[in-house]
Ligand SMILES: Nc1ncnc2c1ncn2[C@@H]1O[C@H](COP(=O)(O)OP(=O)(O)O)[C@@H](O)[C@H]1O
Ligand SMILES: [Mg+2]
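Protein chains in written order, with the working numbering: chain A, 123 to 376; chain B, 454 to 705.
Structure below.
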């Protein structure tokens, strides 16, 4: 008789006692947190507090010095074959602040390339799927354009479609709207909202407090490498407990 | 003078074109072009391997290749040719044909130069492309093959052509180890005529100039096309274009 390898667990991501340093500088200090399936978490905090570092350790774009991070019951930072790490990474969607689209590929190729090359999906199947995803982010008419011909907001929506094409159960966003002109922020947030409404598990580093208020289930406030407040948006915005969180919110309002 | 030149061409065009073939080994212009094409054809993939090794995080790959590249670039090509010519038979005990000696030396020499162009092209792309590929689940080689190299190498096309031009010029050095190329054929002609070295070597210079100039011109046109296309495509990373372009002008 065989048992399922990973018991069906409500936790999508479990971060246990994670610490990381650059030389003498401690970027992450004993971070302990978890994300349940279908949950939307917004991570905020001052610049340089370690938000990007934290979110990048989850798909191991950054290594950690101690602790563990489990995803789907597997320890991401355990020693493993690179094949295995690549497989895990392909199941964690990641959206960068600077989009990082592949400029030599058309929009539809950007979206369909990895399903073909990484997952081995047939080219025409991946192409159709890419067109559906582009439609979903409102860019069906740009399928044959090149990234350089798109606005920042459009590029970021393609980047989201590209990540979704791997059908990840979890999506990570590192300040997806920070590099955008103000008038383009809304279109990207709208796509993220619709993803959240469809039940996607999401971890978003963002300073868009309107988005946090409307969409987040929980907010993690990071300061100097520690999560010093974990709260629902309601609690966080009306009654932040930590003085630093209070100051952060006061600064944002100006 | 003009008449002398026309007479020389009429009498010796076949020798200049193919050497003593079919009565002897293939030589002349044909051999020059074959030698150049083969060396660039082999140097190109070799240069990618060298560039990847130089960018590797493993020092046991990085160090020997860095030394190889620096030594090769820092030594006159003629020196390398003489080394291979005298040392390789001594070390291997085998009698290596001069064509093969010349080809191998040119491949190593041009690959060392090209590898720096490849490396600059990869570095100019920045970390973002590699990270995006990794985040999607590509391994190192997949990311290189589908994301990094297509961009870096596309920018390199003009450099490859200009390296081809310098390879054609470099093949003349094969003369010192008796590679039967165009220069070798011209000096045979000169030895037979004895009295007209100026005319013979003028013909030689004109042929080299015509070939190299046309290829340089093609490289220049391509370079402009690529610069324009890249500008339209990304509009953000002119450095990726500038790096190879600089090297083109250095080599010409
Ligand atoms: N590769 C690195 N080497 C050294 N220090 C780094 C490196 N990356 C980030 N840091 C430092 O770690 C701290 C946290 O960075 P980051 O996670 O990018 O902050 P945030 O995303 O919250 O603005 C910063 O002080 C930054 O200077
Ligand atoms: Mg950041």
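We put the CB at the ideal spot given by N, CA and C, even for glycine.
Just so we're clear, the structure is a prediction, and the values are computed from it rather than from any experiment.
Completely contained beta strand (DSSP E) runs for the stretch 158 to 214 of chain A, where each covers 3 or more residues: If we require 3 residues or more, the beta strand (DSSP E) runs fully inside the stretch 158 to 214 of chain A come out as 162 to 166 and 188 to 193.
Beta carbon proximity, residue 691/B to chain A, threshold 8 Å: Residue placement at residue 691/B is flagged as unreliable, the pLDDT there being 38, under the threshold of 50; the coordinate-derived value follows with that caveat. Judged by the 8 Å Cβ criterion, residue 691/B is not in contact with chain A.
Within the stretch 565 to 652 of chain B, ranges of the alpha helix (DSSP H) (whole runs, at least 4 residues): List check, alpha helix (DSSP H) in window: 580 to 588, 593 to 596, 602 to 623 and 635 to 646.
Residue 197/A Cβ short of 7 Å to ligand 2 heavy atom set: Taking the Cβ of residue 197/A as the reference point, every heavy atom of ligand 2 lies at 7 Å or farther away.
Which listed residue (267/A, 330/A and 156/A) has its alpha carbon closest to that of residue 315/A: Selected option, being the one with the closest Cα: 330/A.
Environment of residue 599/B [buried if 16+ CB atoms lie within 10 Å]: Its Cβ being crowded by 16 or more others within 10 Å, residue 599/B is buried.
Rounded C-alpha distance that separates residue 126/A from residue 195/A: With a pLDDT of only 43 at residue 126/A, under the threshold of 50, the placement of this residue in the model should not be trusted; the figure read from the coordinates follows. Distance between the alpha carbons of residue 126/A and residue 195/A: 11 Å.
Run of the alpha helix (DSSP H) containing residue 338/A, from where it starts to where it stops: In this chain, residue 338/A is not harboured by any alpha helix (DSSP H), its DSSP state being neither H nor E.
Cα-Cα separation between residue 506/B and residue 519/B, rounded to whole angstroms: If you draw a straight line from the Cα of residue 506/B to the Cα of residue 519/B, it comes to about 8 Å.
Continuous alpha helix (DSSP H) stretch holding residue 219/A: start and end: Run containing residue 219/A: none; DSSP gives neither H nor E here.
Cutoff 8 Å: residue 125/A Cβ touching any chain B Cβ: With a pLDDT of only 41 at residue 125/A, under the threshold of 50, the placement of this residue in the model should not be trusted, and no figure is reported.
Exposure label - residue 615/B; buried when at least 16 CB within 10 Å: Buried, since its Cβ has 16 or more Cβ neighbours within 10 Å.
Heavy atom of ligand 2 within 7 Å of residue 622/B beta-carbon: No - ligand 2 has no heavy atom lying nearer than 7 Å to the Cβ of residue 622/B.
Reference residue 617/B, options 605/B, 671/B and 630/B, closest by Cα: Closest in alpha carbon position to residue 617/B, among 605/B, 671/B and 630/B, is 671/B.
Within-8 Å CB hit, residue 587/B to chain A: Cβ-Cβ to chain A under 8 Å: yes for residue 587/B.
Per-residue burial, residue 310/A [other beta carbons within 10 Å of its own, 16 or more giving buried]: Burial is judged here by how many other beta carbons sit within 10 angstroms of a residue's own beta carbon; residue 310/A has at least 16 and is buried.
Identity of the residues DSSP links to residue 676/B by a beta bridge: None, per the DSSP bridge assignment.
The stretch 223 to 245 of chain A: positions lying closer than 7 Å to chain B by Cβ: For the stretch 223 to 245 of chain A, residues whose beta-carbon sits nearer than 7 Å to a beta-carbon of chain B comprise 224, 225, 226, 235, 236, 239 and 240.
Beta-carbon proximity list for residue 361/A, same chain, < 6 Å, skipping 5 on both sides: None.
Beta carbon shell of ligand 1 at less than 5 Å from a heavy atom: Any heavy atom of ligand 1 counts here; residues with a Cβ closer than 5 Å to one of them, in chain order, are 144/A, 149/A, 169/A, 170/A, 171/A, 172/A, 173/A, 174/A and 175/A.
Cross-strand partners of residue 144/A (DSSP beta bridge): Per DSSP, 147/A.
Cβ pair residue 493/B, residue 620/B closer than 8 Å: Annotated as proximal: residue 493/B and residue 620/B, with beta-carbon spacing under 8 Å.
Distance between residue 554/B and residue 636/B (C-alpha atoms, nearest Å): Residue 636/B and residue 554/B: Cα-Cα distance of roughly 17 Å.
Helix, strand or coil at residue 358/A [DSSP, three-state]: In the displayed model, residue 358/A falls within a helix according to three-state DSSP.
Residue 309/A: CB within 7 Å of a non-hydrogen atom of ligand 4: Among the ligands modelled here, namely ligand 1 and ligand 2, ligand 4 does not occur.
Anticipated Cβ contact below 8 Å, residue 296/A with residue 327/A, distance rounded: The beta-carbon distance between residue 296/A and residue 327/A, rounded to whole angstroms, is 5 Å. This is short enough to meet the 8 Å contact definition.
Extent of the continuous beta strand (DSSP E) to which residue 293/A belongs: Run containing residue 293/A: 292 to 296, per the beta strand (DSSP E) assignment.
Buried/exposed call for residue 542/B, threshold 16 Cβ in 10 Å: Residue 542/B comes out exposed.
Contacts that residue 574/B makes with chain A (C-beta to C-beta distance below 7 Å): In chain order: nothing, as chain A lies at least about 12 Å away.
Contact belief for residue 307/A with residue 283/A at Cβ below 8 Å, rounded distance in angstroms: At roughly 18 Å, the Cβ-Cβ gap does not stay under 8 Å, so residue 307/A and residue 283/A are not in contact.
Nearest to residue 142/A (by Cα), restricted to the options 183/A, 225/A and 250/A: Closest by alpha carbon: 183/A.
Residue 139/A, DSSP secondary structure in three states: Residue 139/A falls in the strand class under three-state DSSP.
Environment of residue 659/B [buried if 16+ CB atoms lie within 10 Å]: By the neighbour-count definition (other C-beta atoms within 10 Å, threshold 16), residue 659/B is an exposed residue.
Test: residue 582/B CB closer than 8 Å to a CB of chain A: Yes - at least one Cβ of chain A is within 8 Å of the one on residue 582/B.
Proximity test, Cβ basis, 8 Å: residue 562/B and chain A: No, because no Cβ of chain A sits closer than 8 Å to the Cβ of residue 562/B.
Residue 317/A: first and last residue of the uninterrupted alpha helix (DSSP H) it sits in: 304 to 319 is the span of the alpha helix (DSSP H), which, as asked, contains residue 317/A.
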